[in-house]
Amino acid sequence: MPRKARAAGRIRPISTVVGKVRPVKMGTKRQHCWRFPAESLHSVEMSDFPDDIPFFDEPGAPAPRPSGAPAPSGIAARAMAARNASAPDYLKGLNAEQRQAVETTEGPVLVLAGAGTGKTRVLTTRIAHILSLGRAYPSQILAVTFTNKAAREMKQRIGLLVGEAIEGMPWLGTFHSIGVKMLRRHAELAGLRSDFTILDTDDVIRLIKQLIQAEGLDDKRWPPRQFAMMIDTWKNKGLGPADIPEGDARAFANGKGRELYKAYQDRLQTLNACDFGDLLCHPIRIFRAHPDVLKEYHRRFKYILVDEYQDTNTAQYMWLRLLAQETGGSAQKNICCVGDDDQSIYGWRGAEVDNILRFEKDFPGATVIRLERNYRSTAHILGAASHLIAHNEGRLGKTLFTDIADPDDAKVNVHAAWDSEEEARAVGEEIEQLQRKGHALNDMAILVRASFQMREFEDRFVTLGLNYRVVGGPRFYERQEIRDAMAYFRVVAQPADDLAFERIVNVPKRGLGEAAVRQIHDTARALRIPMLEAAAKLAESDELKPKPRAALRAVAANFERWQKALDNTSHTELAEIILEESGYTDMWKNDRSAEAPGRLENLKELIRSMEDYESLRSFLEHVALVMDSEQNEELDAVTIMTLHSAKGLEFETVFLPGWEEGLFPHQRSLDEGGRSGLEEERRLAYVGLTRAKKNLHIWFVSNRRIHGLWQSTIPSRFLDELPEAHVEVAEGGDSYGGYGGGGYGGRQNPYGASRFDSIGSDQRSFSNTYATPGWQRAQQNRNEATDRNWGSRSGHHVERIGYGETDSGYGAGRGSVKSRTIEGELVAKSVADSPSPFKVGDRVFHQKFGNGNVAAIEGNKLTIDFDKAGQKRVIDSFVTAV
DNA sequence: GGCTCATATCGCGGA
DNA sequence: GATATGAGCC
Numbered sequence: 001m002p003r004k005a006r007a008a009g010r011i012r013p014i015s016t017v018v019g020k021v022r023p024v025k026m027g028t029k030r031q032h033c034w035r036f037p038a039e040s041l042h043s044v045e046m047s048d049f050p051d052d053i054p055f056f057d058e059p060g061a062p063a064p065r066p067s068g069a070p071a072p073s074g075i076a077a078r079a080m081a082a083r084n085a086s087a088p089d090y091l092k093g094l095n096a097e098q099r100q101a102v103e104t105t106e107g108p109v110l111v112l113a114g115a116g117t118g119k120t121r122v123l124t125t126r127i128a129h130i131l132s133l134g135r136a137y138p139s140q141i142l143a144v145t146f147t148n149k150a151a152r153e154m155k156q157r158i159g160l161l162v163g164e165a166i167e168g169m170p171w172l173g174t175f176h177s178i179g180v181k182m183l184r185r186h187a188e189l190a191g192l193r194s195d196f197t198i199l200d201t202d203d204v205i206r207l208i209k210q211l212i213q214a215e216g217l218d219d220k221r222w223p224p225r226q227f228a229m230m231i232d233t234w235k236n237k238g239l240g241p242a243d244i245p246e247g248d249a250r251a252f253a254n255g256k257g258r259e260l261y262k263a264y265q266d267r268l269q270t271l272n273a274c275d276f277g278d279l280l281c282h283p284i285r286i287f288r289a290h291p292d293v294l295k296e297y298h299r300r301f302k303y304i305l306v307d308e309y310q311d312t313n314t315a316q317y318m319w320l321r322l323l324a325q326e327t328g329g330s331a332q333k334n335i336c337c338v339g340d341d342d343q344s345i346y347g348w349r350g351a352e353v354d355n356i357l358r359f360e361k362d363f364p365g366a367t368v369i370r371l372e373r374n375y376r377s378t379a380h381i382l383g384a385a386s387h388l389i390a391h392n393e394g395r396l397g398k399t400l401f402t403d404i405a406d407p408d409d410a411k412v413n414v415h416a417a418w419d420s421e422e423e424a425r426a427v428g429e430e431i432e433q434l435q436r437k438g439h440a441l442n443d444m445a446i447l448v449r450a451s452f453q454m455r456e457f458e459d460r461f462v463t464l465g466l467n468y469r470v471v472g473g474p475r476f477y478e479r480q481e482i483r484d485a486m487a488y489f490r491v492v493a494q495p496a497d498d499l500a501f502e503r504i505v506n507v508p509k510r511g512l513g514e515a516a517v518r519q520i521h522d523t524a525r526a527l528r529i530p531m532l533e534a535a536a537k538l539a540e541s542d543e544l545k546p547k548p549r550a551a552l553r554a555v556a557a558n559f560e561r562w563q564k565a566l567d568n569t570s571h572t573e574l575a576e577i578i579l580e581e582s583g584y585t586d587m588w589k590n591d592r593s594a595e596a597p598g599r600l601e602n603l604k605e606l607i608r609s610m611e612d613y614e615s616l617r618s619f620l621e622h623v624a625l626v627m628d629s630e631q632n633e634e635l636d637a638v639t640i641m642t643l644h645s646a647k648g649l650e651f652e653t654v655f656l657p658g659w660e661e662g663l664f665p666h667q668r669s670l671d672e673g674g675r676s677g678l679e680e681e682r683r684l685a686y687v688g689l690t691r692a693k694k695n696l697h698i699w700f701v702s703n704r705r706i707h708g709l710w711q712s713t714i715p716s717r718f719l720d721e722l723p724e725a726h727v728e729v730a731e732g733g734d735s736y737g738g739y740g741g742g743g744y745g746g747r748q749n750p751y752g753a754s755r756f757d758s759i760g761s762d763q764r765s766f767s768n769t770y771a772t773p774g775w776q777r778a779q780q781n782r783n784e785a786t787d788r789n790w791g792s793r794s795g796h797h798v799e800r801i802g803y804g805e806t807d808s809g810y811g812a813g814r815g816s817v818k819s820r821t822i823e824g825e826l827v828a829k830s831v832a833d834s835p836s837p838f839k840v841g842d843r844v845f846h847q848k849f850g851n852g853n854v855a856a857i858e859g860n861k862l863t864i865d866f867d868k869a870g871q872k873r874v875i876d877s878f879v880t881a882v
């Protein structure tokens, strides 16, 4: 099964394994979606705001009091009741600090919530508290999070606390989703129409590239990507083209940075589009330029809550300040920010830890509440984490503690391995052992510093037949076929979306190449009309040669028809029609490559996921805003993800591989951020440590391949910052070679023992590998079996790899210790003596070469006459019977 | 003029 | 390891 998955989803093979393909299905609840087109198409006036929708309308739910009306006595009575011994159920079980954070509803509040101290619980209970006291309607609470996942979880948990009535919390969401909602209401004030599209980074880069070329600049010398990053940085600070520092402006495009930025914004406006940064920057500008608009929001939001406040960037901060500022010296705004300065790990993305450190200055009279009682981890883990983070300066200072102390608790384990492959192997073994003891795979996670580390674990787990899920890999919506389909939908929903149009005019191939597209483009620019319109015009003129003209006419006619169908066809049906009639599905059906069926599957899944939305537009909006795709929670699988995406999660057992200088702390952070960069890395380590509830394993290796180059590495300085008392250095024992059991004491010699010395121990561990159940499973599972040629190991580990690795499949491309595919021929000696399961004449399929007939068999090496690729010699485990 | 294949170069973080 | 460019072919 995993092998099939790999074949199907070549883009990021494994993600398919655990149902990455089902992105929008979680829980049974329909995703809450606001309907933007109908109610806000032309609404500029605040009076168009829908009145507060009654919220507790279920029978038996407490009735809200009318907004603005004096508090009826019932509320006071209930509030009193809440303080009584018979406190509401939802307050029970909170500790004193948590309860204070929940009950201090008025005035500015900063909750410093350490890892595992019940932060989400406080936030959700606080909202439930406000609601049940009748202090505000759900629609009067603004609650912002950073991820959709956090928002979803909050909705769900509030729902559990107050009954099922949370559908009515329209202003609970991510910064971006709330920003988009505001912007749709006031789009005209930003020079947009309310049906604007949101461009993702890919679109942005293509657009910038066009602009750079239009300026007559060399896009080699001035990479669009880099400029996109600069714009991002500026927008994180809330800077428009006029506001950027002169130095920044001069640094790009021969000093034309500012002009280019301006041109970019202008182009977005004509495209009726905005990028991610604009979702916050436009509202900020609107609030400043139109105090009446801002005032309306002030009236509306009685309570503001912010999650992960330490991650806010300057733009988000400005946005919040504007919304939370005191109006005319009247009552203090009720803003509650929750965060942990020790978990600020997004500095490189523009986050300002300063925001949280400055809170008391920004909001005078603020109540600061510290949550330090940890409910998650053992004393050993907490001790290790606290000791590590204490090496940072400039913290607000918190010390986590726990009452739970079990003498049986395991200390934090530090392991050494020879190289990353052995690391993966050993982690795999450990996981299997835990599994045998009855631990669920769902309770285990591998948290890596950089995503390239994931691959080795994936490879290993595939071999072992262990289920795993990758979080934060390339996402469903980033796949080529999905983006193509989405581009079709976008053009139908928003005919001015030139970027989408350009993407698909010639997909599938219609004979409209570069020249034709350029002509459409030029016509569009000259007449100041969208490209789709220009295409229709060109199709009726004699400007083009007959062939492209006919093709273009067909395209234009198609889109016209689909647009007409938009109103009277269900959007899922229309989506199917579009993909069918455009020839897009046929394109993949006729594609004989191995990934084509997977892509068709994905397209089907795309349509299926659209069912959860009420309209094509709301679906498009959802897709533009999802950053995290859901996972199939039902499957028992080990989680592999980056430390960044692990924040907020917890696992019984956590593996932290790759604790080596240069990787962790990451060289880049050190180079760019100096001391503060190092501190951010340390916080990242802290985040990693505090994800673990019971077991924590840290790994470092002495050799790692980075950018195709084997490099000797030295253990991370963070290892030395762990307290002896809570740490145990795992003895190498029978396996894991590397430092020969010396643990990280081996760091005295940065190059470790001679690599030749450890070959022996390494091979010992190799033979152990055969004994693992996973290996045996892999043996049974013939297709999984990787060839295991260790023969050429010595002396190879510092050379450059990277020749002939045309196949990303098994065994290939994994460094000198593995076999390599050269010109399609597998140069490997077999270790398996078992007879080949194939016989001469068998019809077989190979991932790369397609179908063919077995011509000869020699051990486990087959000679196959492929239909297309000709005669090749391959290892039998690389082909499947047809 | 458009399409397909093969080679050279860059770069990698993340919602 | 993906992307951009160029050669060769239809």
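Read in full-length UniProt numbering, the first sequence has 76 at position 76, and its numbers run on one by one without any break. Don't be surprised by glycine CBs; every beta carbon is placed ideally from N, CA and C. Since we're looking at a predicted model, the values are computed, not measured.
Bounds of any beta strand (DSSP E) do not take in residue 726, whose DSSP letter is neither H nor E. Around the beta carbon of residue 125, 16 or more other beta carbons lie within 10 angstroms, which makes this residue buried.
About 6 Å separates the Cβ atoms of residue 310 and residue 340, confirming a contact at the 8 Å cut-off. Close CB contacts of residue 101 within its chain, under the 6 Å cut and outside five residues either way in sequence, are with 111, 122, 369 (chain order).
Around the beta carbon of residue 399, fewer than 16 other beta carbons lie within 10 angstroms, which makes this residue exposed.
For residue 348, same chain residues with a beta-carbon under 8 Å away, outside a window of 5 residues either side, are 669, 672, 673, 680 in chain order. Straight-line measurement puts the Cα of residue 717 at about 46 Å from the Cα of residue 620.
In this structure, the beta-carbon distance from residue 387 to residue 723 falls below 9 Å.
Only residues of its own chain outside the window of five on either side were considered, and among them 197, 490, 491 have a CB closer than 6 Å to the CB of residue 497, listed in chain order. Cβ neighbours of residue 651 within its own chain (closer than 8 Å, five residues either side excluded): 443, 444, 445, 639, 691, 692, 693.
Going by C-alpha positions, residue 502 is about 7 Å away from residue 517.
By the criterion of at least three beta-carbon pairs nearer than 8 Å, the stretch 474-488 is in contact with the stretch 595-603. Burial check for residue 345: the Cβ neighbour count within 10 Å reaches 16 or more, so the residue is buried. With a 10 Å radius around the Cβ and a threshold of 16 neighbouring Cβ atoms, residue 459 comes out buried. By the Cβ criterion, the stretch 213-230 is in contact with the stretch 248-257, since at least three pairs of Cβ atoms, one from each stretch, lie closer than 8 Å. Nearest Cα to residue 663 within the set 646, 684, 471: 684. For the 9 Å CB-CB criterion, residue 187 and residue 173 do not form a contact. DSSP places residue 319 in the uninterrupted alpha helix (DSSP H) bounded by 314-324.
In the three-state reduction of the DSSP assignment, residue 107 falls in the coil class. Where residue 516 is concerned, there is no enclosing beta strand (DSSP E), although the alpha helix (DSSP H) around it starts and stops at 514-527. Judged by DSSP secondary structure, residue 415 falls within the beta strand (DSSP E) whose first and last residues are 412-419. Residue 163 and residue 449 do not touch by the CB rule: their CB atoms are close to 43 Å apart, not below 8 Å. Assignment of residue 854 by DSSP, reduced to helix, strand and coil, places it in the strand class. Taking 9 Å as the cut-off, the beta carbon of residue 207 is found no closer than this to the beta carbon of residue 235.
In the three-state DSSP reduction, residue 222 falls in the coil class, being neither helix nor strand.
One alpha carbon belongs to residue 305, the other to residue 180, and they sit about 18 Å apart.
Taken through DSSP and simplified to helix, strand or coil, residue 285 comes out as helix. Taken through DSSP and simplified to helix, strand or coil, residue 587 comes out as helix.
Taking 4 residues as the shortest admissible run, the stretch 428-496 contains the following complete alpha helix (DSSP H) segments, listed from N- to C-terminal end: 454-464, 480-493. Three or more beta-carbon pairs drawn from the stretch 509-527 and the stretch 544-559 are found closer than 8 Å, and the two stretches are therefore classed as touching.
Note: residue 378 is not bridge-paired with any residue in the DSSP secondary-structure output.
Take residue 547, set aside five residues on each side of it, and the residues of its chain with a beta-carbon closer than 8 Å to its own are 511, in chain order. Inter-segment contact for the stretch 425-441 and the stretch 401-411 is absent: fewer than three beta-carbon pairs are separated by less than 8 Å. Approximately 7 Å separates the beta-carbon atoms of residue 704 and residue 660; this is inside 8 Å, confirming the contact. Going by DSSP, residue 697 is part of the beta strand (DSSP E) stretching over 692-706. Checking the DSSP bridge columns, you'll see residue 711 partnered with 704.
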